[in-house]
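Input: a single structure, listed below in structure tokens.
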Amino acid sequence: MTPKRSQALLLWLLLCSGAGTEALEPVSTTIAVGVAATLTAFIASYRNIFNYFYECCHPEWIVFNRTALEADLNRKLFGQHIASRIILKAVNGFMNNDNPKKPLVLSLHGWTGTGKNFISKLIANNIYKEGTKSSFFHLFASTYHFPHSSQYLHYKSQLQQWIKGNVSNCERSMFVFDEMDKMHPGLIDGIKPYLDYYDKLDGVSYRKAIFIFLSNAGSDKIDQTALDFWKAGQNREEIELKDLESLLSLSVFNNHQSGFYRTSLIDKNLVDFFVPLLPLEYQHVVQCTMAEMRARGMQPDQSLADKVAKDLLYFPKSERVFAVTGCKTIESKLDYYL
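Under the working numbering, the final residue of the sequence shown carries the number 464; numbering is consecutive throughout.
As structure tokens, this is what we get:
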């Protein structure tokens, strides 16, 4: 390592760790006073400039924007009145609590294209200045990071070390676990202590971290409930969390193909909210298409959006109520019609 690179690394460590005179232990009363004073003055002079260019675990890079999150949920997430309300209240309450008793743990459930990954991105984008590109945002995909069920004990050890290391680096870390329904049952129990009501574990506090689990498990229960409301002539906005939450948690807990199968996370009530994502209807697909047009800088075209929406498959086959792939394929479908 060259002198310049080593100096830059030392500077980064000092500035991003919040080092100052309080972090210095005098080697002797004659030498350390001068060194500490000089170093403190140096850090004070360059901290703001350095933090402007290099991401650190400081308010310059981590600041929750409730107004922006609410606007994003209202303008970009369609057909999910339950999820929008839960996410806004849960994240806002947690981020404005300087002394939470445990990490925020959310479990999002719904079929393909209903918005699970999208919601996790919206949360990250309104907490971190760098959004999902932040070094404090961590995404795990089961089929990619934990592909071999026979090695789940090895994965568990790796996962524990990874989480501990990253939370040690920044207490406001966020971890997203996708494809929970494809994860080996028991793997996620390895991080149970980090989600519990502990002040510290081995000197590390996890209470300000966020854990989000994404899964298709329980989708059949959610879809059936939405279909029952539709058949009864009730508006989907009448569906409430109480109609789904207990049904969803039991379904996931007893599903042997779920990463939550018989998990202590549910048994010990460590998941703060089970968030149901409702299947999307034709009108929501049209809204997604119009939003994609705006994102591309296009003038929204209602007739084009209708063409895209009509091209999707819907279920049940006879009624054609809900889009099979939700909004997942909108981008490619729109390319086809342009």
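All residues carry an ideal CB built from backbone N, CA and C; glycine is no exception.
Problem set entry | Endpoints, the alpha helix (DSSP H) within which residue 319 is located | Position 193 of the sequence shown, counted from the first residue, corresponds to residue 319. From DSSP, the alpha helix (DSSP H) with residue 319 extends over 318-321.
Exercise. Among 244, 240, 269 and 250, which one has its Cα closest to the Cα of residue 192?
Worked result: One-based indexing of the sequence shown puts residue 192 at position 66. When each option's Cα is compared against that of residue 192, the closest is 250.
Exercise. DSSP on residue 444, reduced to helix/strand/coil?
Worked result: Reading the sequence shown from its first residue, position 318 is the one you call residue 444. Coil, per DSSP.
Exercise. Where do the ends of the beta strand (DSSP E) carrying residue 300 lie?
Worked result: Here the question's residue 300 lines up with position 174 in the sequence shown. Where residue 300 is concerned, the enclosing beta strand (DSSP E) stretches over 300-304.
For this session: Can you check the region 419-443 for any alpha helix (DSSP H) of at least 4 residues that lies completely inside it and give the ranges in chain order?
Result: Within the region 419-443, the complete alpha helix (DSSP H) segments at least 4 residues long are 428-436, listed from N- to C-terminus.
For this session: Please look up how many angstroms separate the CB atoms of residue 363 and residue 235, rounded, as I've assumed it's under 8 Å.
Result: Locating residue 363 in the sequence shown gives position 237, where the first residue counts as 1. Locating residue 235 in the sequence shown gives position 109, where the first residue counts as 1. About 19 Å; that fails the 8 Å criterion.
Exercise. Per DSSP, what kind of secondary structure is residue 450 in: helix, strand or coil?
Worked result: Sequence index remark: in the sequence shown, residue 450 carries index 324 (1-based). Note: residue 450 maps to coil in three-state DSSP.
For this session: Would you mind giving the Cβ-Cβ distance between residue 418 and residue 447, rounded to the nearest angstrom? I have them listed as a contact below 8 Å.
Result: Walking along the sequence shown from the start, residue 418 turns up at place 292. Walking along the sequence shown from the start, residue 447 turns up at place 321. Distance from residue 418 to residue 447 at the Cβ level is roughly 22 Å; contact not present, criterion being Cβ atoms closer than 8 Å.
Exercise. Chain B beta carbons: is any one of them nearer than 9 Å to that of residue 421?
Worked result: Going by chain labels, chain B is absent from the structure shown, which holds only one protein chain.
Exercise. What are the boundary residues of the beta strand (DSSP E) that residue 235 is part of?
Worked result: Your numbering for residue 235 matches position 109 in the sequence shown. Residue 235 -> beta strand (DSSP E) spans 230-235.
Exercise. Within 10 angstroms of its Cβ, does residue 304 collect 16 or more other Cβ (buried), or is it exposed?
Worked result: Against the sequence shown, residue 304 aligns to sequence position 178. Residue 304 is buried by the Cβ-count criterion.
Problem set entry | Where residue 364 sits in the DSSP three-state scheme | Residue 364 sits at position 238 when you count from the first residue of the sequence shown. Here residue 364 sits in helix by DSSP.
Exercise. Rounded to a whole number of angstroms, what is the C-alpha to C-alpha distance between residue 300 and residue 436?
Worked result: To locate residue 300, count along the sequence shown from 1; it is residue 174. To locate residue 436, count along the sequence shown from 1; it is residue 310. Residue 300 and residue 436: Cα-Cα distance of roughly 37 Å.
Exercise. Is the CB-CB distance between residue 253 and residue 221 below 9 Å?
Worked result: Taking the sequence shown and counting its residues from 1, one reaches residue 253 at position 127. Taking the sequence shown and counting its residues from 1, one reaches residue 221 at position 95. Yes; because the gap between Cβ atoms is below 9 Å, this pair is in contact.
For this session: Quick one: which unbroken alpha helix (DSSP H) runs of 4-plus residues sit fully inside the region 236-314? Chain order, please.
Result: DSSP runs (the alpha helix (DSSP H)) wholly in the region 236-314: 242-251, 268-271 and 278-295.
For this session: With distances taken Cα to Cα, identify the nearest neighbour of residue 227 among 449, 334, 464 and 423.
Result: The residue given as residue 227 occupies position 101 in the sequence shown. Ranking 449, 334, 464 and 423 by Cα distance to residue 227 puts 334 first.
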